[in-house]
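Q:
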Amino acid sequence: MTSAENQHSIRAYYEALYRAWGPQHWWPARTRFEVIVGAYLTQNTSWKNVEIAVRRMRTAHLLSIDAIRTILLKKLEAVIRPAGYYRQKAERLKTFVAFVDHRYEGSLHRLFAQPTPQLREELLSLNGVGPETADSILLYAGQHPVFVADAYTRRIVERHGIASAETKYDELRELFERALGVVKPAKLRTESQEQETGFRPNPHSPSRMSQARRSPVVQIYNDMHGLIVAVGKHYCLKATPRCEGCPLQAFLF
DNA sequence: TTCCGGCCGG
DNA sequence: CCGGCGGGAA
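In my numbering, the protein residues as written are 350 to 602.
Structural data, given as structure tokens:
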């Protein structure tokens, strides 16, 4: 299967999933810092456990840079314990805050004002930040146009023959970014280009007002990842897939 | 008891 | 490239 055909398939997956389930409002409880916390806590961990830990952090008033900076490490460990791997995650959250303090004067605004490639490399240099965590922070906390190619993404496209086990993370991410549309800095997308790609923002979507300044590409990456998470959780299960009723079933060959 | 799922260090 | 890291829910 050619690269162009794979990109076309991924665009078709997005349209089928969006038609079936609509926008996902994925990662909804957002301050930016809460998104970052979630990106760390969800490493190799189910979202239910993360939600419990985040609720405990909110109750303890720990969902801010200032709070993580000053909280005792052992206390933070105890609060986030339901998320699992709580010792390394507590230390990594401390590491992130120290990084923002020293490099960006404690300002997430300054952090996310950096160009995407440089910021991505800086995040990847942090202990506890790999590709998926970095990209989740970039996309969901910073509104940078980066696709989060997580384990669900890989599982789905491998089972559909679009990628293999040898496909590297960045290859997978770039495949989705090419398929779903990258930002073109030289000139704005035209109406005819939007028609070619089939993108139709829904003016009555409840998400549109709260996401008013989000670029179309970021919107698509956000929705697509949320849709893929839904597929992975409910249909493309790890052990045995349940293809019956899956919006992507028709795309299996 | 099994299932689930990122990153690091040796 | 493997073992370790930890919990909640089925």
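Ideal Cβ positions, reconstructed from N, Cα and C, are used throughout, including at glycine.
Would you mind stating whether residue 454 and residue 439 have Cβ atoms separated by less than 8 Å?
A: no
Q: Note down, one range per segment and in chain order, each beta strand (DSSP E) of at least 3 residues found wholly within the stretch 556 to 600.
A: none
Q: Using CA coordinates, which residue listed in 364, 382, 361, 599 is at the minimum distance from residue 492?
A: 382
Q: Quick check on DSSP: helix, strand or coil for residue 514?
A: coil
Q: Going by DSSP in three states, residue 464 sits in which element: helix, strand or coil?
A: coil
Q: Distance check for residue 521 and residue 352, CA to CA, integer angstroms please.
A: So the two alpha carbons sit approximately 11 Å from each other.
Q: Is it the case that the stretch 428 to 439 contacts the stretch 390 to 408, given that we only count it when at least three CB pairs across the two stretches are under 8 Å?
A: yes
Q: Taking Cβ to Cβ, would you say residue 572 is nearer than 8 Å to residue 356?
A: No, these two residues do not count as a Cβ contact at 8 Å.
Q: Using 8 Å as the Cβ pair cut-off and three pairs as the minimum, do the stretch 576 to 586 and the stretch 491 to 509 touch?
A: yes
Q: Span of the alpha helix (DSSP H) holding residue 486?
A: Counting along the chain, residue 486 falls outside any alpha helix (DSSP H), and DSSP gives it neither H nor E.
Q: Could you check if residue 568 is buried or exposed, using at least 16 other CB atoms within 10 Å of its CB as the buried criterion?
A: buried
Q: When you compare only the Cα positions, how much space is there between residue 350 and residue 510?
A: Between residue 350 and residue 510, the C-alpha separation is close to 8 Å.
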